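Under our numbering, the sequence shown has 359 at position 353, and the numbering climbs by one with no breaks. Note that the Cβ used here is the ideal one computed from N, Cα and C, for glycine as well. Bear in mind that the values here come from a model prediction, so they are computed numbers and not experimental data. Below is one structure, written out as structure tokens, with a few remarks after it.
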Amino acid sequence: MHSCYLQILVNVHLFSKEGGFDFVLPENMACPPPGKFVIVPWARSWKLGVVLKAQPESQLQADRIRSVSGVVEDWPALPQAVLKLASFAADYYHANVGEVLLSSVPEFLSRSSNFSVKHNIASYLKGKRKNTFLAQQQLPSSSPAVLTPSQTQVLSWLRQQQSFAVGLLWGVTGSGKTEVYLQAVAAALTQGKTALLLVPEIALTEGLAAQVRARFPQEQVATMSSNIAPGARAAAWLATLKGQARIVVGTRSAVFAPLDNLGLVIVDEEHDASYKQQEGARIHARDLAVMRGRISNCQVLLGSATPSLESWANAQAGRYTLLRMPTRAHVNAVLPHIELINTKVAASVQGLSEPLAHALKIRLERKEQSLVFINRRGFAPVLCCEACGWIADCNNCSAHFALHRASTRKGYKLICHHCSAQQAVAQACPVCGNKDLLPKGQGTQKLEEKLAQLLPNAKIARMDRDSTRRRGASKAILAAMESGLIDILTGTQMIAKGHDFENLTLVGVLGSDSLLMSPDFRAEERLFALLMQVAGRAGRAERPGQVLIETRLPRHPLFRELLAQDYEASAKRLLVERENLGLPPYTSLAVIRAQASSDSAAQGFLTQAQLLASEELQNPHCSTSPGIRLYHPRPMAVPRVANQARWQLLIEGRSRLVLQNFLQAWLLKLRELKTAKVRWHMDVDPLEI
Ligand code: ADP
Ligand code: ZN
Ligand code: ZN
């Protein structure tokens, strides 16, 4: 019998170039296929590994060869499509394949430091029937709705597709995209296939999963997102691997869910920035979802009321099929009426504009619910001294402290939103001694307070990162809203997404101008999507909705498009801008970010990187030079965070291919640079530059 050497992924570091090992299998064991799980001895314990490759001999020295303890026979191999996707992602994002793939395997199974895999796996297999994940919950079941004509069109388009195809489901808020998803899943299951549904936010996972469970009470539905308790997470993943769960609902890492025989991929709110991972392997789950559909040769539905400009351009170019759902599904629901309040001229009551205050009062009298959105948590974004202009700044970052209400006692504290440092509020200005320090601007906490003063009888709740830290907290707030225990819900982005409250008829928006002024090239695209989305919370059922947006810039073209709820006009204008400025989707970008304790170290590294890049571009064998544009290193928007200087270097390619070819060659050289004092990473298709 031949020997069998395995390349095994045990943890993220092991597979890196320096730390490579091969594993040899005992002679009497059959060689496992790629994707199979094995147990390997590791630091006086065991670890779970995934076979990447099996070969009859090893290139490595004897001291780099270890032996395998056993193969996890009870588990099927990871589907080949998942392995392929991971390897694509590792190449494309220039990340480590371990980092990409193992981030999707529950930590509980793969990375526990002192963990006897054999023992734990056995206890899983035994105890699985008791697991809450597998217990069928008693839920009211739902039956398929009679489809609207546009829903019917989307589903019949899906039915006509025999192979990989991407549909961009452009449906206004309330157009009934969820019903389309559910019936599309039903069709996939009928064909004996599995379905993957991605949502942008942890909070939305449970909501969609509940609807899926209600529709398919006989199916196990696996939910995958980071807030799920480790045991339940591992069980859901394992049930998927074993083919027991045929439907997965999850956030971005679920794009690697071990579903075999995939028949449908759905990405809800496909424009959402949360699909892009901002640390570790910087993958974009929406883009990988499309790739997963290509690998599995199945259909992909990207749903949004305000598609990303990238997807919109793909639909315009005919690469995706545009599927429109232009009206609300509910018989009597119409799109909300949007109005601007010019805060330069409007009167104000308790710091709220008079028209908004008035509208809130009326809702309260009518016993209807309202939502007031502001994109800032805390009490106020700045604390300053009016006498001398001093501002409370974080010592570790180039940023102001935000003023927060202390949660337990009365009083306030300062919190840095970049490094989380906290400080007591000074009694007096440290520069001039003035005792009247003034909060400037407002956040959710101040808004909540003002609303309570304005409408003392209203039941008001706040939903932001601070009020939802406890597990289950956001669920509780949403449930209270659902059952009518809340009259006015205030909060950040969190309240903008997905929720469907029948009795909600008013949405107020504060402070959107600050988002419009942001230097980020996606600022307008994001703000338009956000405002359409938050506006879309109003009037989803019987009663019409009203949306009031406070602004000092009522003439901005973005507001004109918003009033007309004309996504198409907005996309068209923004795409012309992008084309003129040479920005995505007309070019491809990558950025290298470096951080170090000093500016000179971070900048110095990027200057070296820039030098290497220009050498590479002058290399006569370099085929990409005409399509590559290299920028100079520059400090990031917040140049210092947690005492680290942060710099970045931008590279622009004429196309994805040109950029990829160049990055490949460049990174080989870059990785040779000595960088002891500098931490750096590459971000392909960055969201912010
Ligand atoms: P979206 O995700 O597009 O914003 P939802 O899927 O939340 O919209 O649907 C909005 C509302 O319309 C929900 O209350 C849903 O029950 C209802 N709905 C969806 N499809 C239909 C239909 N075919 N007939 C009647 N009501 C529908
Ligand atoms: Zn002062
Ligand atoms: Zn800080």
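- Per the C-alpha coordinates, the member of His-687, Leu-214, Ala-319, His-410 positioned closest to Glu-185 is Leu-214.
- At a threshold of 7 Å, Thr-511 does not count as near ligand 1, since its beta carbon sits no closer than that to any of the ligand's heavy atoms.
- Secondary structure at His-424: coil, using DSSP grouped into helix, strand and coil.
- A distance criterion of 7 Å places the beta-carbon of Asn-440 in contact range of ligand 2, judged by its closest non-hydrogen atom.
- Put simply, the backbone Cα of Leu-512 is about 6 Å away from that of Gly-551.
- For the set Tyr-573, Ser-620, Leu-587, Arg-646, the Cα lying nearest the Cα of Gln-601 is the one of Arg-646.
- By the neighbour-count definition (other C-beta atoms within 10 Å, threshold 16), Gln-433 is an exposed residue.
- Apart from the 5 residues on each side of it in sequence, Gln-13 sits with its Cβ closer than 7 Å to the Cβ of Asp-28, Leu-58, Lys-59 in its chain, given in chain order.
- Here the alpha carbons of Leu-244 and Gln-226 stand approximately 12 Å from one another.
- The same chain holds no residue with a CB closer than 7 Å to that of Arg-561 once the five nearest residues on each side in sequence are set aside.
- Residue pairing by DSSP places Met-469 opposite Gly-497 in a beta bridge.
- When secondary structure is reduced to three states using DSSP, Glu-556 falls in the strand class.
- Excluding sequence positions up to five before and after Lys-441, its CB lies within less than 6 Å of the CB of Ala-434, all in the same chain and listed in chain order.
- Taking 8 Å as the cut-off, the Cβ atoms of Leu-655 and Val-597 count as close.
- Pairing Val-644 with Cys-403 gives a Cβ-Cβ distance under 8 Å.
- Contact holds between the stretch 452–462 and the stretch 345–356, because three or more Cβ pairs, one in each stretch, are under 8 Å apart.
- In the DSSP assignment, Pro-264 falls outside any alpha helix (DSSP H), carrying neither H nor E.
- For Arg-646, the enclosing beta strand (DSSP E) begins and ends at 640–647.
- As DSSP reads the structure, Ser-51 sits in a beta bridge with Trp-48.
- The Cβ-Cβ distance between Phe-668 and Leu-589 does not fall below 8 Å.
- Counting along the chain, the unbroken alpha helix (DSSP H) around Tyr-98 starts and ends at 86–98.
- About 4 Å separates the CB atoms of Arg-334 and Gly-180; that is less than 8 Å, so the two are in contact.
- Just measuring C-alpha positions, the residue of Ala-209, Trp-396, Leu-188 sitting nearest Leu-202 is Leu-188.
- The alpha-carbon of Phe-385 is positioned some 23 Å away from that of Ala-352.
- For the options Ala-260, Cys-438, Pro-40, the alpha carbon positioned closest to that of Ala-295 is the one of Ala-260.
- With 5 Å as the limit, the residues whose C-beta approaches a heavy atom of ligand 3 more closely than that are Cys-400, Asn-402, Cys-403, Cys-422, His-424, Cys-425, Ala-427, in chain order.
- Taking a cut-off of 8 Å on C-beta distances, the stretch 77–87 touches the stretch 43–53, as three or more cross pairs fall below it.
- The beta carbon of Gly-286 lies closer than 8 Å to those of Ala-101, Glu-105, Ser-109 in the same chain, with the five residues before and after it left out.
- Looking at the DSSP output, Glu-508 sits in no beta bridge, so it has no partner there.
- With contact defined as three or more Cβ pairs closer than 8 Å, the stretch 408–421 and the stretch 649–663 are not in contact.
- Closest option to Gln-224, judged by alpha-carbon separation, among Ala-607, Tyr-281, Leu-195: Leu-195.
- Remark: the shortest separation between the CB of Trp-396 and any heavy atom of ligand 2 falls under 7 Å.
- Contact check between the stretch 165–182 and the stretch 292–311: three or more CB pairs, one atom from each, fall below 8 Å, which counts as touching.
- In terms of side-chain proximity, the C-beta atom of His-505 is found no nearer than 7 Å to any non-hydrogen atom of ligand 1.
- Here the C-alpha atom of Gly-256 lies approximately 29 Å from the C-alpha atom of Gly-324.
- For Phe-222, DSSP records no beta bridge to any residue.
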